[in-house]
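Q: I'd like to ask some things about the structure below.
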Amino acid sequence: MIGFIVAGLVIGALARLVKPGKQNLGLLATLLLGLAGSVIGGLVANLLGTGDIFELNILGFIVAVVAAVALIGTAEGLAGRNRSRSRSH
């Protein structure tokens, strides 16, 4: 379980480094998005037959980082949309 949390932090941090621009996300959001990305990466690797969902392999890791980048972009888009709505009212 601790390894899964550490992997989520690493994947979330790498995703934030890869994604251009400044992200307004805290440590907890980075952890949660990294964990979600690692689950997605594990599922994809498992579906492709390269390993188990909880097994760290290179394909799963790459997919996890890409998924986390997409999730960070989505979270930023939702947060930005909510901020613009609250300013306009």
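Here full-length UniProt numbering is used: the first residue of the sequence shown is 1, the next is one more, and so on. Don't be surprised by glycine CBs; every beta carbon is placed ideally from N, CA and C. These numbers come from a predicted model, not from an experiment.
Take ILE5 as the anchor and find which of ALA29, GLY21, LYS19, GLN23 has the nearest alpha-carbon.
A: Comparing Cα-Cα distances from ILE5 to each of ALA29, GLY21, LYS19, GLN23, the minimum goes to ALA29.
Q: Could you check the C-alpha separation between GLY49 and LEU43 for me, to the nearest Å?
A: Pairing GLY49 with LEU43, the inter-Cα distance amounts to about 10 Å.
Q: Out of LEU33, LEU14, ILE2, which has the shortest C-alpha to C-alpha gap to ALA75?
A: LEU33
Q: Taking just the CA atoms, how far does LYS22 sit from GLY41?
A: 24 Å
Q: Do the CB positions of ALA36 and GLY60 come within less than 8 Å of each other?
A: no
Q: Once you ignore the five residues that flank LEU17 on each side, which residues in its own chain have a CB closer than 7 Å to its CB?
A: none
Q: For a quick check, are the C-beta atoms of ALA64 and SER38 less than 8 Å apart?
A: yes
Q: Under 8 Å, do ALA79 and ASN24 count as touching if we go by C-beta distance?
A: yes
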